[in-house]
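**Student:** Numbering (full-length UniProt numbering), first residue to last: 1 to 308. Don't be surprised by glycine CBs; every beta carbon is placed ideally from N, CA and C.
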């Protein structure tokens, strides 16, 4: 690098003439590269770009790229061939749900590392519509909708991880892996005063998806109160159903008794006319009208007619 400069006297006797000069610095092969950047080239590749520490690279120099996978806690090193290029770039594989950091240095001994740059890969799908409830025996039931996978991940294997904790922070939650919903926890820890539930996916390579919305099951006291209220409602509904059944049975009994009474009266009011030699029978329809008017019985030949 070459620098130009000027020097002049400004006081105490005023501004004097300027003297000019120049100076140069040698290319420092141990200086850290500049302007490191990471960008998504596609859903499964990132582009790494940086520049040499000097505007003019006068001799070939190689670079070592440090790539750290924060999810799997693994580090990789990429060695780039020696070159005189001032701008360097290359592509690197990434994975859905990954988090990566990159630093660069020259391959010279005791060279300095560049600043660290971090890139977040596209996330795996979030588990939707999580629901949970307590069973009467104390077990916990959790269900959710299946995730909608991107087309390029449809053949990947994965599991669901159900997280349960007695506080909303899921960093210390108990984890249970399951292939598909629903999930049952038959004996939750008795020491938990509250229960919070969340679910996410983990693919076959160990990369997790984002946590679902946290579902609050509440405390045991809240559950017992809800259960008591539910029991009272159930008891009231049961009593109402029994009452309705009793009323219905009584109505049916009265209606059938009334019909039997009508049939008996129809038979009792039948008579035989000796003059015509015919028998007369009353019907139920006649009785409906007769209930509202006095009944007039027929006379036989052997009964005297008395006229007052």
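#1: Distance check for residue 120 and residue 228, CA to CA, integer angstroms please.
#2: Assign residue 81 to buried or exposed, taking buried as 16 or more other Cβ atoms, counted over all protein chains shown, within 10 Å of its Cβ.
#3: Can you give me the start and stop residues for the beta strand (DSSP E) that residue 194 sits inside?
#4: For the beta strand (DSSP E) that contains residue 69, what are its first and last residues?
#5: Under the assumption that residue 159 contacts residue 104 (Cβ atoms under 8 Å), give the Cβ distance between them as a whole number of angstroms.
#6: Whole beta strand (DSSP E) runs in the stretch 89-165 with 3 or more residues, listed along the chain?
#7: Where do the N-terminal and C-terminal ends of the beta strand (DSSP E) with residue 41 fall, by residue?
#8: When burial is assigned at 16 or more other CB atoms within 10 Å of the CB, is residue 18 buried or exposed?
#9: Under 7 Å, do residue 208 and residue 202 count as touching if we go by C-beta distance?
#10: Relative to the alpha-carbon of residue 131, which residue among 58, 154 and 141 has its alpha-carbon at the smallest distance?
#11: Measuring straight from C-alpha to C-alpha, what distance separates residue 226 and residue 143?
#12: Given a threshold of 16 other Cβ atoms within 10 Å of its Cβ, counted over all protein chains shown, does residue 200 qualify as buried or as exposed?
#13: Once you ignore the five residues that flank residue 23 on each side, which residues in its own chain have a CB closer than 6 Å to its CB?
#14: Taking C-alpha atoms, which residue in 197, 35 and 14 lies nearest to residue 183?
#15: What did DSSP end up calling residue 315 once you bin it into helix, strand or coil?
#16: Take residue 165 and list the residues in its own chain whose beta-carbon comes closer than 6 Å to its own, dropping the five residues that flank it on each side.
#17: For the beta strand (DSSP E) that contains residue 211, what are its first and last residues?
#18: Would you mind working out which of 61, 71 and 117 sits nearest residue 111, comparing C-alpha positions?
#19: According to DSSP, simplified to helix, strand and coil, what is residue 27?
#20: For the putative contact between residue 46 and residue 36, defined by C-beta atoms under 8 Å, what is the C-beta separation to the nearest angstrom?
#21: Less than 7 Å between C-beta atoms, sequence neighbours within five positions excluded: which residues of the same chain meet that for residue 89?
#22: Looking at the secondary structure, which residues open and close the beta strand (DSSP E) in which residue 186 lies?
#23: Three-state secondary structure (DSSP) at residue 58?
#24: Got a sec? Which residues, its chain only, sit under 6 Å from residue 114 by beta carbon, not counting five neighbours each side?
#25: If you reduce the DSSP assignment to three classes, tell me which class residue 21 lands in.
#26: Look up residue 218 in the DSSP assignment and give the residues it is bridged to.
#27: Which stretch, first to last residue, makes up the beta strand (DSSP E) that contains residue 49?
#28: By the 10 Å Cβ neighbour count, where 16 or more other Cβ atoms means buried, how is residue 212 classified, buried or exposed?
#29: Name the DSSP bridge partner or partners of residue 78?
#30: By Cβ distance below 6 Å, which residues in the same chain neighbour residue 108 in space, the five residues on each side in sequence not counted?
#31: What did DSSP end up calling residue 7 once you bin it into helix, strand or coil?
#32: If I follow the unbroken beta strand (DSSP E) through residue 174, where does it start and stop?
#33: To the nearest angstrom, report how far apart residue 175 and residue 161 are at their CA atoms.
**Tutor:** Based on what the coordinates show:
#1: The residue labelled residue 228 in the question sits at position 228 within the chain shown. The residue labelled residue 120 in the question sits at position 120 within the chain shown. Caution is warranted here: a pLDDT of 47 is assigned to residue 228, below 50, making its placement in the model unreliable, and no coordinate value can be reported.
#2: In the chain shown, counting from the first residue as 1, residue 81 sits at position 81. The residue is exposed, with fewer than 16 neighbouring Cβ atoms inside 10 Å.
#3: The residue given as residue 194 occupies position 194 in the chain shown. Unbroken beta strand (DSSP E) run through residue 194: 194-203.
#4: Translated into the one-based positions of the chain shown, residue 69 becomes position 69. Unbroken beta strand (DSSP E) run through residue 69: 61-69.
#5: Numbered from its first residue, the chain shown carries residue 159 at position 159. Numbered from its first residue, the chain shown carries residue 104 at position 104. With a Cβ gap of about 36 Å, residue 159 and residue 104 do not count as contacting.
#6: 99-106, 117-120, 131-134, 140-143 and 158-165
#7: Start at 1 with the first residue of the chain shown, and residue 41 comes out as number 41. Taken as a continuous stretch (DSSP letters only), the beta strand (DSSP E) holding residue 41 covers 34-42.
#8: Counting from one through the chain shown, the residue named residue 18 turns up at place 18. Counting Cβ neighbours within 10 Å, residue 18 comes out exposed, since fewer than 16 surround it.
#9: Locating residue 208 in the chain shown gives position 208, where the first residue counts as 1. Locating residue 202 in the chain shown gives position 202, where the first residue counts as 1. Yes, they are a contact pair.
#10: The sequence position of residue 131 within the chain shown is 131, counting from 1. In this structure, 141 is the residue among 58, 154 and 141 with its C-alpha nearest to the C-alpha of residue 131.
#11: Looking up residue 226 in the chain shown gives position 226. Looking up residue 143 in the chain shown gives position 143. Annotation note: pLDDT 47 at residue 226 (below 50); position unreliable, no value reported.
#12: Along the chain shown, one-based indexing puts residue 200 at 200. With 16 or more other Cβ atoms within 10 Å, it is buried.
#13: Residue mapping note: residue 23 aligns to position 23 of the chain shown, counting from 1. 3.
#14: Position 183 of the chain shown, counted from the first residue, corresponds to residue 183. Among 197, 35 and 14, the Cα nearest to that of residue 183 belongs to 197.
#15: Not covered by the structure: residue 315. The range shown for the chain is 1 to 308.
#16: Start at 1 with the first residue of the chain shown, and residue 165 comes out as number 165. Excluding positions up to five away in sequence, the list reads 173 and 196.
#17: Counted from its first residue, the chain shown places residue 211 at position 211. Per DSSP, residue 211 belongs to no beta strand (DSSP E) and is neither H nor E.
#18: Against the chain shown, residue 111 aligns to sequence position 111. The option with the nearest alpha carbon to residue 111 is 61.
#19: Reading the chain shown from its first residue, position 27 is the one you call residue 27. In this structure, residue 27 counts as coil in the three-state DSSP scheme.
#20: The residue labelled residue 46 in the question sits at position 46 within the chain shown. The residue labelled residue 36 in the question sits at position 36 within the chain shown. Wrong, their Cβ atoms sit about 12 Å apart, outside the cutoff.
#21: In the chain shown, the residue the question calls residue 89 occupies position 89. Only 47, 48 and 49 meet the Cβ criterion.
#22: For the purposes of this step, residue 186 is taken as residue 186 along the chain shown, with counting starting at 1. Element bounds for residue 186: n/a, residue is neither H nor E.
#23: Taking the first residue of the chain shown as position 1, residue 58 is located at position 58. Looking at residue 58 - three-state DSSP - the assignment turns out to be coil, as it is neither helix nor strand.
#24: The residue you call residue 114 lines up with position 114 of the chain shown. Hits under 6 Å: 32, 33, 36, 103 and 104.
#25: Against the chain shown, residue 21 aligns to sequence position 21. Here DSSP, grouped into helix, strand and coil, assigns residue 21 to strand.
#26: For this step, residue 218 is matched to residue 218 along the chain shown. For residue 218, which the question treats as bridged, DSSP gives the partners 195.
#27: As a working note, residue 49 is residue 49 in the chain shown. Its beta strand (DSSP E) spans residues 45-51.
#28: Counting from 1 along the chain shown, the entry for residue 212 is found at position 212. Buried, since its Cβ has 16 or more Cβ neighbours within 10 Å.
#29: Within the chain shown, residue 78 is the residue found at index 78, counting from 1. According to DSSP, residue 78 bridges with 65.
#30: Residue 108 sits at position 108 when you count from the first residue of the chain shown. If we look at residue 108 and ignore the five residues flanking it on each side, its Cβ neighbours are 29 and 30.
#31: Numbered from its first residue, the chain shown carries residue 7 at position 7. Residue 7 falls in the strand class under three-state DSSP.
#32: The sequence position of residue 174 within the chain shown is 174, counting from 1. Residues 174-178.
#33: Position 175 of the chain shown, counted from the first residue, corresponds to residue 175. Position 161 of the chain shown, counted from the first residue, corresponds to residue 161. Roughly 6 Å between the two C-alpha positions.
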